[in-house]
Every structure is written in C-alpha cells, then in structure tokens.
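Asks: Following this message is one structure expressed as structure tokens.
Protein chains: 2
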Amino acid sequence: MDYLNNQEENGNDSSNSVRAVDRALDVLLCFNAQTPALNMTQISERIGIHKSTVHRLLATLERRNFVRRDPETGVYRLGYRLLQMAYLSQENIGIRQIALPYMRMLNEKYRETIDLAILDNGEALFLDVIQSPQRVKLASSMGQHLPAFSTASGKAILAWLPEEEALAVLQNTNISFTPNIVPTREAFLEDMRETRKRGYSLDCEGLETGIHAVGVPLFRSDGTPIASLAIAGPAFRMECSKIQTFGEELLVVGNELNELLKLVPNL
Amino acid sequence: MDYLNNQEENGNDSSNSVRAVDRALDVLLCFNAQTPALNMTQISERIGIHKSTVHRLLATLERRNFVRRDPETGVYRLGYRLLQMAYLSQENIGIRQIALPYMRMLNEKYRETIDLAILDNGEALFLDVIQSPQRVKLASSMGQHLPAFSTASGKAILAWLPEEEALAVLQNTNISFTPNIVPTREAFLEDMRETRKRGYSLDCEGLETGIHAVGVPLFRSDGTPIASLAIAGPAFRMECSKIQTFGEELLVVGNELNELLKLVPNL
DNA sequence: TGGTATATTTCATAGAATGAAACTCGGCAG
DNA sequence: CTGCCGAGTTTCATTCTATGAAATATACCA
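Same order as they appear, the protein sequences are chains A and B.
Residue 12 is where the first sequence starts when you use our numbering, and the numbers rise one by one after that.
Residue 12 is where the second sequence starts when you use our numbering, and the numbers rise one by one after that.
Dropping the structure here:
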C-alpha cells in the first residue's frame, strides 16, 4: 500500500512516538476528498491494523467529535470538532492578519479570487481565500491543498527556496491522486529560474485547463519564503496578454507587504 | 480543575477508549481562543499528566502537523493539518451544499452576513458564513462557535427541540468563558415559546451589543431540527422595526429550503 | 431460514505507555 | 564567572494498557 510509505515518510521515525496516538491520527488521515466516508472495515484495511483496534480508536475519536457516524449507513466521516479547531488554528496565523487587508484590496480592484497559501508537506495549502465577486470564478477555499509544483501559489514559494529543497518537493510526489501534469526535473528548474527573474510565478492551465494565475512570494524577516499571494481566475478573463499586468501589479503589492512583514518578528 | 469535569462530561465513560489517544485529544483541546499558544509545562498542568508524557504526545502530534511549534519561543499552536482536514470535513456536509445557493441569494438581497449553523455540544457552530459586502459587518466566520442560547442561530434550533433537551443545553453551560448574559430558566423557556409561535428566532444584542439577528430552523426529513439559517448585522441597519420584515422573508426562504431538505434522505 | 458481511465484546498476553529521576541547556542574578 | 532556576529532553524499570484472536451479535439479503 502506498499509504504505508506515506506514514514513514512523514518523519515518523517511531522513536518518541505514541503508537496508539499515531494510529488514531492514521485513522483521521484516511479520510480525504476522494474517500470522505469510510466504514470500519475499510479503515482497518487501509491502515493495516486489526478491526477491533480500529473500533476502539473510532469510539475514542467519536466521543470527542473528531469523527461522526452516519446514523443510517454507519459510515464514518470527519467530525465537527475539526472545523472548530481549524477556526482556532487559522485565527492565530500572524501573516493572515497582515495580508488580509491587501487581499481585500486586490479582490476589490481586480474582482478575481485572491489566495494566501503556505507550503505544507509539498503541497500548497490555502490559508485564506477571498472569492471573486463575479459569477464565473474559481471555487478554491480555505484549507484546500493542491500540488505545489503546478500552481502559481506553490511555485511562488518553491522558486525562492534553495533549489535542492524545491526539487525534493517535486521528487516526493506523494500527492494522493496524481495530477495529470508533473513537470520534468529540467522543465521545473527552468520554470523556477524564470519565475525568480520575473519576480512572480505563472500558472497557465498547469493543473486544470481554463485556469490562469499569478503569484508572488512572501518572506519572513530572515528571508525565507513562507507564503504566497496569488490572483487566480478563468483563462478568458486573465488572458496571457493581460496576465503580465496582473503580475507586475501584484509584485508592487507583494513588495509593500514584504516590507511590512520584515517588521514582524515571529511568523 | 474545571477541565477534568469537562473530560468526563464529554461522554468519556472510559470504557472502550484508548487512553493515550484520549490524552492526545485532551492536548489538542487545550488550545482555544483565549489560549492559542501554550508551552509544554502549561499543557501538562492543564490536563494533569506528567510532562514527560505530554512531551511524547506533542512530538507525535507535531510529526503529523496537528500542532506546530514556534521555532523562536518554543510554544505550541494548533497545526495546519487541522485546517486541511476541516476543509474535507466541511466539504462533505450535505446540508451545506443545499443551503449555499439560498445563502448567496439572501446575501445578495439583504447585503448582510448570512450564517448556516448547527448545534454542537450546546454551542452554535457556524458551518458556513457569507459575509456582508458592506464595510460595517459581523466578523463571524466558518468554524466559529458561540453559546447557543444567546444567538439567533442557536435559538432557532433550540426552540424546535424537546424542551428538556433545550434546557439541558442551558444547564450544561460549559462554555469556556461565560458570556455576560445567561438567561434564567423561565426567560429562556418564554423566549423559546415565542420563537416557535413567531416561526423565527430573534437576537437583539443578546451576546454582544450592537448586533441584531434573526434565524430560522432547518429540519431533517424526520422533523428534528438540525441546523439554522440566520441573517445578522449591525443594529443600526437591522432596527427592531425592520427586523420583523427580515424574519418573515427569512421564513419564506426557510420553508422553501425545508421542502427541499425533506427530499434528501441522509443528513 | 440460513448465509454473509459487518460490527461489537471478551479476554489473555505482550509489550507499549508511563512517570520518576537524571540530565541538558540557556538565561539570569548575585 | 558561577551557580541557580525553569524549561525541555532522555533514560529506564515497572505496570497496566492496548492489542488481536476468537467468539458473539446484528443486519441484510437470498
């Protein structure tokens, strides 16, 4: 099973880990966009532990609302406690507070979807999204994660990382369902270099056709790229001719925001 | 410690629970809006277990990004994994999908904040929020939870529960920081009865001054109230004179939505 | 009715999780 | 400079918890 690798790769060197807790987290991580509902047996098979053990883990998680059980069908889903906790986790991300006014401003000016993302385990994780007010728009939302190497949000961070780190992300493609386009090593490096030269990342239908996006990196005061700000929209509104203007304007906002971030110590 | 009661109240009858996992969940639940960042010793004191144990639990949680550690100060916060999982948990709530178009419609029509909430452990938990497009608005957001008995969202559900169940919620005020106004048993029951007669719940500065809101219940096909739809805004725009109109219009939408929900089997 | 697939309970045993204590590290004050 | 203090980390023997096999229960379908 692909999953077992995942478990080891995640830095689980098994020393100093509590096995029962690790397994409970495995149970939670079973649920994903493809399989949002699972029964006990399915979970047991996926993580390869005895169903009796899974039963006890699920009971423990359910009591605290980390999973909920469909009373009709008996399948388990992720619980409301996660939503509640996510709210707490996200409210206290400093960069979010600082970027929000800029995101609103960009959203009002361009009327397209604005994404604030970080790099999390090789994937672009959207910390915050302000949706385009227009009818045709991207349906991205907070908490969603997409492969970093094929989104403007992800590439804006990767390009300013040391090249070996960025490559490591490309190599460890433990994305649950592999997207159609994983670039070659060379194409990827070339893209990264052009992005650095340009100052902003570009994504023209990299992951999904019909979507264009530009992104700029946001840096911690020590210079490491920690997040990215991106504008994304349907290709017909963000044509290749116009996208350059978007990128350059985003760059100005990015610079201003980065100046501000320099003054903030702990991010 | 108040906390220990909490632990028992949560239905932790200790049979069929995995202790290590329970403790790990205790660690996660330590973090809240008041104390978003904690160090190991603080956590150890809060949940009353040995710091060596907490150390191992935190290490396990950190490896999987359920908590993250500030590299400077060493304090722990909730991790990004929770945001990611919340996205999954929330994407698959049937009622959310069905209510969303109605919420958008209400938002466009009234230009106020629209809340979709459920009752979760005696608190109103916002499944989804569409913010008012106006400058002055409520800053509520998805995942936030507020005391059920003092919000329109909460009361819209409570009023259609059996009275003893609703009272149980009032009694078990294990809200982390008690809001200024907990109604008396009588006032609460009277409010519930009026709400039922009226068809929609009202909240005029119940929790916070300057906020007015109205809410209607949403029912499962078997008739149990499972969620509520509410319009909330600053008092000066939602005056007591106008609020009746809001309520009655919301009622129409609520009825329509409830007809739709009857056709959906599993919620 | 019997058969299958799933969930739940029971129980003896292994070994995992635990907490005491020792150790490390860094900061601070005398 | 040195020694104290608080916080975090590691070690290790012991206990009792978590485990999986098997038995039982439940639900569904033929």
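All C-beta atoms in this analysis are idealised placements derived from N, C-alpha and C, irrespective of residue type, glycine included.
Being a predicted model, the structure only gives us computed values, none of them experimental.
Quick check: what's the CA-CA separation for residue 136 of chain B versus residue 48 of chain A?
Replies: As a first step, residue 136 of chain B is located in the second sequence; it is residue number 125 there, counting from the start. As a first step, residue 48 of chain A is located in the first sequence; it is residue number 37 there, counting from the start. Residue 136 of chain B and residue 48 of chain A: Cα-Cα distance of roughly 21 Å.
Asks: How would you list, in chain order, the residues of chain B whose beta-carbon sits under 9 Å from the beta-carbon of residue 31 of chain A?
Replies: Sequence index remark: in the first sequence, residue 31 of chain A carries index 20 (1-based). Here the neighbours are 29, 30, 31, 32, 35.
Asks: State yes or no: is the beta carbon of residue 89 of chain A nearer than 9 Å to at least one beta carbon in chain B?
Replies: To locate residue 89 of chain A, count along the first sequence from 1; it is residue 78. At least one chain B Cβ lies under 9 Å of residue 89 of chain A.
Asks: Rounded to whole angstroms, what is the Cα-Cα separation between residue 32 of chain A and residue 66 of chain B?
Replies: The residue you call residue 32 of chain A lines up with position 21 of the first sequence. The residue you call residue 66 of chain B lines up with position 55 of the second sequence. Computed Cα separation, rounded: 13 Å.
Asks: Are residue 181 of chain A and residue 199 of chain A touching if we call contact CB-CB under 9 Å?
Replies: Counted from its first residue, the first sequence places residue 181 of chain A at position 170. Counted from its first residue, the first sequence places residue 199 of chain A at position 188. Yes, the pair counts as a contact, with Cβ atoms nearer than the cut-off.
Asks: Below 8 Å, how does it come out for the segment 82-101 of chain A and the segment 125-135 of chain A: are there three or more Cβ pairs, yes or no?
Replies: no
Asks: Quick check on residue 230 of chain B: does DSSP put it in helix, strand or coil?
Replies: Your numbering for residue 230 of chain B matches position 219 in the second sequence. Strand at residue 230 of chain B.
Asks: Only counting the same chain, and skipping five residues up and downstream in sequence, which positions put a Cβ closer than 6 Å to that of residue 156 of chain B?
Replies: As a first step, residue 156 of chain B is located in the second sequence; it is residue number 145 there, counting from the start. So the qualifying residues of the chain are 134, 136.
Asks: Give the residues of chain B in contact with residue 155 of chain A, contact being defined as C-beta atoms less than 7 Å apart.
Replies: Here residue 155 of chain A refers to the residue found at position 144 when the first sequence is read from its first residue. What residue 155 of chain A touches in chain B: 98.
Asks: Rounded to a whole number of angstroms, what is the C-alpha to C-alpha distance between residue 117 of chain A and residue 209 of chain A?
Replies: Within the first sequence, the letter at position 106 stands for residue 117 of chain A. Within the first sequence, the letter at position 198 stands for residue 209 of chain A. C-alpha separation (whole angstroms): 20 Å.
Asks: Using the beta-carbon of each residue, which ones in chain B are nearer than 9 Å to residue 173 of chain A?
Replies: Position 162 of the first sequence holds residue 173 of chain A. Within 9 Å Cβ-Cβ: nothing; residue 173 of chain A doesn't reach chain B, min ~18 Å.
Asks: Kindly indicate which three-state DSSP category residue 314 of chain A falls into: helix, strand or coil?
Replies: Any answer about residue 314 of chain A is impossible in this case: the structure gives chain A only from 12 up to 278.
Asks: Is residue 171 of chain B near the ligand NAD, in the sense that its beta carbon is under 8 Å from a heavy atom of that ligand?
Replies: Among the ligands in the structure shown, none appear at all, so the ligand NAD cannot be discussed.
Asks: Here's the rule I'm using: 16 or more other beta-carbon atoms within 10 Å means buried, otherwise exposed. How should residue 228 of chain A be labelled?
Replies: In the first sequence, residue 228 of chain A corresponds to position 217, counting from 1. So residue 228 of chain A ends up on the buried side.
Asks: 9 Å is my cut-off, CB to CB: does residue 77 of chain B come that close to chain A?
Replies: Translated into positions along the second sequence, residue 77 of chain B becomes position 66. Taking Cβ atoms only, chain A reaches closer than 9 Å to residue 77 of chain B, which makes this a yes.
Asks: Going along the chain, which residues of its own chain have a beta-carbon closer than 7 Å to the beta-carbon of residue 189 of chain A, five neighbours each way excluded?
Replies: The residue given as residue 189 of chain A occupies position 178 in the first sequence. With a pLDDT of 47 at residue 189 of chain A, under the threshold of 50, the modelled position of this residue cannot be trusted; read the value that follows with caution. If we look at residue 189 of chain A and ignore the five residues flanking it on each side, it has no Cβ neighbours.
Asks: Mind checking residue 283 of chain B: buried by the 16 CB within 10 Å criterion, or exposed?
Replies: Because chain B in this structure spans residues 12 to 278, residue 283 of chain B falls outside the shown range and cannot be described.
Asks: Kindly indicate if chain B contains any beta-carbon less than 9 Å away from that of residue 236 of chain A.
Replies: Against the first sequence, residue 236 of chain A aligns to sequence position 225. With 9 Å as the cut-off, residue 236 of chain A does not count as an interface residue toward chain B.
Asks: Output the distance between the C-alpha atoms of residue 232 of chain A and residue 195 of chain A, rounded to the nearest integer angstrom.
Replies: Working through the first sequence from its first residue, we reach residue 232 of chain A at position 221. Working through the first sequence from its first residue, we reach residue 195 of chain A at position 184. If you take the alpha carbons of residue 232 of chain A and residue 195 of chain A, they lie about 32 Å apart.
Asks: In chain order, which continuous runs of the beta strand (DSSP E) of length 3 or greater are located wholly inside the segment 64-108 of chain B?
Replies: 78-80, 87-89
Asks: Quick check on residue 5 of chain A: does DSSP put it in helix, strand or coil?
Replies: The structure shown does not extend to residue 5 of chain A, since chain A is modelled only from 12 to 278, so the question has no answer here.
Asks: Looking at residue 167 of chain B and residue 268 of chain B, is the spacing between their C-beta atoms short of 9 Å?
Replies: Here residue 268 of chain B refers to the residue found at position 257 of the second sequence. Here residue 167 of chain B refers to the residue found at position 156 of the second sequence. Contact: no.
Asks: Which chain A residues are close to residue 71 of chain B, counting only those with a beta carbon under 7 Å from its beta carbon?
Replies: As a working note, residue 71 of chain B is residue 60 in the second sequence. By Cβ distance, chain A contributes 28, 29, 32, 33.
Asks: Where does residue 172 of chain B sit, in a helix, a strand or coil, going by DSSP?
Replies: Working through the second sequence from its first residue, we reach residue 172 of chain B at position 161. In this structure, residue 172 of chain B counts as coil in the three-state DSSP scheme.
Asks: Between the beta-carbon of residue 87 of chain A and the beta-carbon of residue 69 of chain A, is there less than 9 Å?
Replies: As a first step, residue 87 of chain A must be located in the first sequence, where it is residue number 76. As a first step, residue 69 of chain A must be located in the first sequence, where it is residue number 58. In contact: residue 87 of chain A and residue 69 of chain A (Cβ atoms closer than 9 Å).
Asks: Looking at chain A, is there any beta carbon in it that lies within less than 9 Å of the beta carbon of residue 177 of chain B?
Replies: Locating residue 177 of chain B in the second sequence gives position 166, where the first residue counts as 1. By this cut-off, residue 177 of chain B is not an interface position.
Asks: The segment 42-56 of chain B: which residues have C-beta closer than 9 Å to a C-beta of chain A, in chain order?
Replies: 42, 43, 44, 47, 48
Asks: If distances are taken between C-alpha atoms only, which option among A/159, A/82, A/143, A/39 comes closest to residue 202 of chain A?
Replies: Here residue 202 of chain A is taken as the residue at index 191 of the first sequence, counted from 1. It is A/159 whose Cα lies nearest to the Cα of residue 202 of chain A.
Asks: Output, in sequence order along the chain, the residues in the segment 131-150 of chain A whose CB is closer than 9 Å to any CB in chain B.
Replies: 131, 132, 134, 136, 137, 138, 144
Asks: Give a yes or no on whether the minimum CB-CB distance between residue 161 of chain A and chain B is below 9 Å.
Replies: Mapped onto the first sequence, residue 161 of chain A falls at position 150. No, no contact with chain B.
Asks: In this structure, what does DSSP give as the bridge partners for residue 264 of chain A?
Replies: To locate residue 264 of chain A, count along the first sequence from 1; it is residue 253. Answer is none; residue 264 of chain A lacks a bridge partner.
Asks: Using 10 angstroms around the beta-carbon of residue 150 of chain A, count the other beta-carbons present and answer buried if the total reaches 16, otherwise exposed.
Replies: The sequence position of residue 150 of chain A within the first sequence is 139, counting from 1. Around the beta carbon of residue 150 of chain A, fewer than 16 other beta carbons lie within 10 angstroms, which makes this residue exposed.
Asks: Could you check what DSSP says for residue 244 of chain B in three-state terms: helix, strand or coil?
Replies: Residue 244 of chain B sits at position 233 when you count from the first residue of the second sequence. Here residue 244 of chain B sits in strand by DSSP.
Asks: Helix, strand or coil for residue 180 of chain B per DSSP?
Replies: Counting from 1 along the second sequence, the entry for residue 180 of chain B is found at position 169. Note: residue 180 of chain B maps to helix in three-state DSSP.
Asks: At which residues does the beta strand (DSSP E) containing residue 212 of chain B begin and terminate?
Replies: Looking up residue 212 of chain B in the second sequence gives position 201. Per DSSP, residue 212 of chain B belongs to the beta strand (DSSP E) from 212-215.
Asks: Does the beta carbon of residue 129 of chain B sit closer than 9 Å to a beta carbon anywhere in chain A?
Replies: Along the second sequence, read from residue 1 onward, the residue named residue 129 of chain B stands at position 118. Yes, contact with chain A.
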